[in-house]
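S.K.: Pasting a structure below so you can have a look.
2 protein chains.
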Amino acid sequence: MKMINVAIVDDHKILTEGLQSLIQDSGIAQVVGVAHSATECRLSLGFWKPDILLLDVGLPDTSGLDFCKEIKEQFPKIKVLALTTHNEYAIVRQMLDNGASGYLIKNAMADEVLMGIEVVAAGGTFLCHEIDLLMKRPSEKNIWLSPRERELLRLISEGLTNTEIADQIFLSPETIRGYRKNLLLKLGAKNTAVLVKMAIEQKLI
Amino acid sequence: MKMINVAIVDDHKILTEGLQSLIQDSGIAQVVGVAHSATECRLSLGFWKPDILLLDVGLPDTSGLDFCKEIKEQFPKIKVLALTTHNEYAIVRQMLDNGASGYLIKNAMADEVLMGIEVVAAGGTFLCHEIDLLMKRPSEKNIWLSPRERELLRLISEGLTNTEIADQIFLSPETIRGYRKNLLLKLGAKNTAVLVKMAIEQKLI
DNA sequence: AATAAAAACCCCCTTTTGGGGGTAAGCTAG
DNA sequence: CTAGCTTACCCCCAAAAGGGGGTTTTTATT
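Residue numbers (this note's numbering), protein chains in the order written: chain A, 1 to 205; chain B, 206 to 410.
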């Protein structure tokens, strides 16, 4: 059986060290590279040629969300396995949407990490137990917005008025009004204040 | 020289264990009790009779801010030394306002913890290096609000309109308008959306 | 090919907010 | 004792948001 090549990107050095020995000792995979930032990773990814990239969402220089997308565009064959502290529905959904093949939270069991690596290397999708439950549970908190809606939500949170947003993204102010009303409806928010609060709390922006 | 009696309240068990050995080994102080929640602490504080209480702000059951106030009301002689991960101006100010005698961030050096204990036990006020810098640096980010202003900010973030707030706290809607305008001015926010975002980011609510 | 969802657009009208001006009592720390 | 801050109050008017009702086109997914 072929060894699975794994690379790790995470700024928490203690964690990466722990992960390295965990993977090396497993016998099923080997660590071919470690980076502590997106920039560092970009420089070496071509050389490492990993099968799987263990990626932290909370990177110091780039959003893990964007970085995942970037990797999947440049190296479609590399499978991304997210490894983070976030257990918010919106983060997981966006990560999977951006091409991630799996999602682990940092307090998951060690064997879940190895299982994730195996499943993802075999072409499957893996979610650790807690995230699996979160994604399956139909909850009013599990709100999913389209990219456009998220963009609007971001602009609203930055304090732009409907006309300002309209000018910026070249749409009619009436359209912006429509999106705004729909966002209030979807999130069940009474007004902009609550909308912004929910957006931040649920990490929708 | 009399031994300083220290009690610890923090839900992170690994940290409390480390702290215990640090303090016991120092020779200047001894740990008379450890609690992992505010409730647990309330039950035992009368027996422990500590000189100093090392208090985490991010407790699972109560806000450390409120708990500090509560302790200082019930046991004015106990000196509270805050120990947290938060390095936001508003949190530190509120903590000191609520009667804390010192403030340490969790990644401070071990000797700063001991120094803090000594200084506070001697009746002084102690801030660890990083927090000391933060508090001295005059910055547009170091915004300080009166309790009333914070209350209004909270109600605004919850989506209440001026009239609703007026009804709830028995003031004239015109007064609420005044506060609102002043909050926008103080925080330099363009509108309610930005106001709410800043309130959350700077932990003013 | 049909259905559904997202994206874009439009009008009417009311409520709420924001910008500009103020006033004044009460407390509090130099 | 007085300068400064907080708390509380008031007016006018313009801009923005919100509640209700719609339409059309494009883009996926079945």
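All residues carry an ideal CB built from backbone N, CA and C; glycine is no exception.
1) Does the pairing of the segment 191-205 of chain A with the segment 238-249 of chain B give three or more beta-carbon distances under 8 Å?
2) Under 9 Å between beta-carbons, which chain B residues line up against V194/A? List them in chain order, please.
3) Is the separation between the beta-carbon of K79/A and that of S101/A shorter than 7 Å?
4) Using a cut-off of 9 Å between C-beta atoms, extract the partners of A287/B located in chain A.
5) Under a Cβ-count criterion, where at least 16 other Cβ atoms within 10 Å of its own Cβ denotes burial, should K197/A be classed as buried or exposed?
6) Is it right to say A122/A is buried, meaning 16 or more other beta carbons lie within 10 angstroms of its own, or is it exposed?
7) Can you round the beta-carbon distance between G99/A and C68/A to whole angstroms, since I take them to be within the 8 Å contact cut?
8) Quick one: list the residues of chain B neighbouring A207/A, beta-carbon separation under 8 Å, in chain order.
9) Are three or more beta carbon pairs between the segment 103-110 of chain A and the segment 150-157 of chain A nearer than 8 Å?
10) Have a look at D230/B and E70/A and give me their C-alpha separation to the nearest angstrom.
11) For the beta strand (DSSP E) containing S101/A, list its first residue and its last residue.
12) For D10/A, collect the residues of the same chain with a Cβ closer than 6 Å to its Cβ; drop the 5 residues on either side in sequence, then sort them by chain order.
13) At a Cβ threshold of 7 Å, is I322/B touching chain A?
14) Would you mind reading off the limits of the alpha helix (DSSP H) that contains A243/B?
15) Evaluate the contact criterion for the segment 382-401 of chain B versus the segment 159-166 of chain A: three or more CB pairs, one atom per stretch, below 8 Å.
16) Which stretch, first to last residue, makes up the alpha helix (DSSP H) that contains T289/B?
17) Of all the options P343/B, G321/B, Q299/B, R385/B, which has the alpha carbon lying nearest to the alpha carbon of P352/B?
18) Please list, in chain order, the chain A residues whose beta carbon lies closer than 9 Å to that of S405/B.
19) Measuring straight from C-alpha to C-alpha, what distance separates P60/A and L187/A?
20) Are I209/B and A234/B touching if we call contact CB-CB under 7 Å?
21) Going straight from the alpha carbon of D75/A to that of N142/A, what length do you get?
22) What residue range is occupied by the uninterrupted alpha helix (DSSP H) comprising A315/B?
23) Which residues in the same chain have their Cβ closer than 8 Å to the Cβ of Y179/A, if we skip the five residues on either side of it in sequence?
24) Please report the straight-line C-alpha distance between K181/A and A189/A, rounded to a whole angstrom.
25) If L104/A and A82/A are in contact, beta carbons under 8 Å, what's the gap, nearest whole angstrom?
26) In the DSSP assignment, what are the bridge partners of Q235/B?
27) Are there 16 or more other CB atoms within 10 angstroms of the CB of P255/B, so buried, or fewer, so exposed?
28) Is I322/B near I370/B, with beta carbons less than 7 Å apart?
29) Going by C-alpha to C-alpha distance, which of I205/A, R42/A, C128/A sits closest to N87/A?
30) Does the distance from the CB of S44/A to the CB of G58/A come in under 7 Å?
31) If distances are taken between C-alpha atoms only, which option among G232/B, L389/B, V297/B, I219/B comes closest to L338/B?
32) Under the DSSP definition of a beta bridge, which residues are partnered with A240/B?
33) In the DSSP assignment, find the unbroken alpha helix (DSSP H) run with I381/B in it and report its ends.
34) Please report how far the alpha carbon of L350/B lies from the alpha carbon of K282/B, in whole angstroms.
M.R.: A quick look at the data gives this:
1) no
2) Start at 1 with the first residue of the first sequence, and residue 194/A comes out as number 194. Those within 9 Å of V194/A in chain B are S362, E363, G364, V401.
3) Here residue 79/A refers to the residue found at position 79 of the first sequence. Here residue 101/A refers to the residue found at position 101 of the first sequence. Contact: yes.
4) Looking up residue 287/B in the second sequence gives position 82. Neighbours of A287/B on chain A: none; closest Cβ ~23 Å, over 9 Å.
5) Start at 1 with the first residue of the first sequence, and residue 197/A comes out as number 197. Answer is buried; the Cβ neighbour count reaches 16.
6) Taking the first residue of the first sequence as 1, we reach residue 122/A at position 122. Exposed, since its Cβ has fewer than 16 Cβ neighbours within 10 Å.
7) For the purposes of this step, residue 99/A is taken as residue 99 along the first sequence, with counting starting at 1. For the purposes of this step, residue 68/A is taken as residue 68 along the first sequence, with counting starting at 1. With 8 Å as the limit, G99/A and C68/A qualify as a contact, their Cβ atoms being about 6 Å apart.
8) The question about residue 207/A has no answer, for chain A in this structure spans 1 to 205.
9) no
10) Position 25 of the second sequence, counting from 1, holds the residue named residue 230/B. Position 70 of the first sequence, counting from 1, holds the residue named residue 70/A. Distance between the alpha carbons of D230/B and E70/A is about 51 Å.
11) Here residue 101/A corresponds to residue number 101 of the first sequence, with the count starting at 1. Unbroken beta strand (DSSP E) run through S101/A: 100-105.
12) Numbered from its first residue, the first sequence carries residue 10/A at position 10. Excluding sequence neighbours, D10/A sits near T16, D56.
13) Locating residue 322/B in the second sequence gives position 117, where the first residue counts as 1. By this cut-off, I322/B is not an interface position.
14) Translated into the one-based positions of the second sequence, residue 243/B becomes position 38. Unbroken alpha helix (DSSP H) run through A243/B: 243-253.
15) yes
16) Taking the second sequence and counting its residues from 1, the one referred to as residue 289/B is at position 84. T289/B -> not in any alpha helix (DSSP H); beta strand (DSSP E) instead, spanning 284-289.
17) Here residue 352/B refers to the residue found at position 147 of the second sequence. It is Q299/B.
18) One-based indexing of the second sequence puts residue 405/B at position 200. The sequence given here places Ile at residue 405/B; Ser does not occur at that position. Per Cβ cutoff of 9 Å: V196, K197, I200, E201.
19) Position 60 of the first sequence, counted from the start, is the residue given in the question as residue 60/A. Position 187 of the first sequence, counted from the start, is the residue given in the question as residue 187/A. Their Cα atoms are separated by approximately 30 Å.
20) For the purposes of this step, residue 209/B is taken as the residue at position 4 of the second sequence. For the purposes of this step, residue 234/B is taken as the residue at position 29 of the second sequence. Yes, these two residues count as a Cβ contact at 7 Å.
21) The residue you call residue 75/A lines up with position 75 of the first sequence. The residue you call residue 142/A lines up with position 142 of the first sequence. The sequence as given places Phe at residue 75/A; Asp does not occur at that position. The alpha-carbon atoms of F75/A and N142/A are separated by roughly 31 Å.
22) In the second sequence, counting from the first residue as 1, residue 315/B sits at position 110. Run containing A315/B: 315-326, per the alpha helix (DSSP H) assignment.
23) Counting from one through the first sequence, the residue named residue 179/A turns up at place 179. Closer than 8 Å at Cβ, skipping near neighbours: R148, E149, L152.
24) Position 181 of the first sequence, counted from the first residue, corresponds to residue 181/A. Position 189 of the first sequence, counted from the first residue, corresponds to residue 189/A. Those two C-alpha atoms are separated by around 10 Å.
25) In the first sequence, counting from the first residue as 1, residue 104/A sits at position 104. In the first sequence, counting from the first residue as 1, residue 82/A sits at position 82. About 7 Å; that satisfies the 8 Å criterion.
26) On the second sequence, residue 235/B is found 30 positions in, with the first residue counted as 1. According to DSSP, which records beta bridges pairwise, Q235/B is partnered with N210/B.
27) Counted from its first residue, the second sequence places residue 255/B at position 50. Under this definition P255/B is a buried residue.
28) For the purposes of this step, residue 322/B is taken as the residue at position 117 of the second sequence. For the purposes of this step, residue 370/B is taken as the residue at position 165 of the second sequence. It is not a contact, given that the beta carbons lie outside the stated cut-off.
29) In the first sequence, residue 87/A corresponds to position 87, counting from 1. Checking every option, the nearest Cα to that of N87/A belongs to C128/A.
30) Locating residue 44/A in the first sequence gives position 44, counting from the first residue. Locating residue 58/A in the first sequence gives position 58, counting from the first residue. Not closer than 7 Å, so no.
31) Numbered from 1 along the second sequence, position 133 holds the residue referred to as residue 338/B. Measuring from the Cα of L338/B, the nearest candidate turns out to be V297/B.
32) Stepping through the second sequence from its first residue, residue 240/B is reached at position 35. DSSP, once it has assigned bridges, lists V214/B as partnering A240/B.
33) By one-based count along the second sequence, residue 381/B stands at place 176. Looking at the DSSP string, the run of the alpha helix (DSSP H) that includes I381/B is 378-392.
34) As a position in the second sequence, residue 350/B is number 145, starting the count at 1. As a position in the second sequence, residue 282/B is number 77, starting the count at 1. Spanning the two alpha carbons is a distance of roughly 28 Å.
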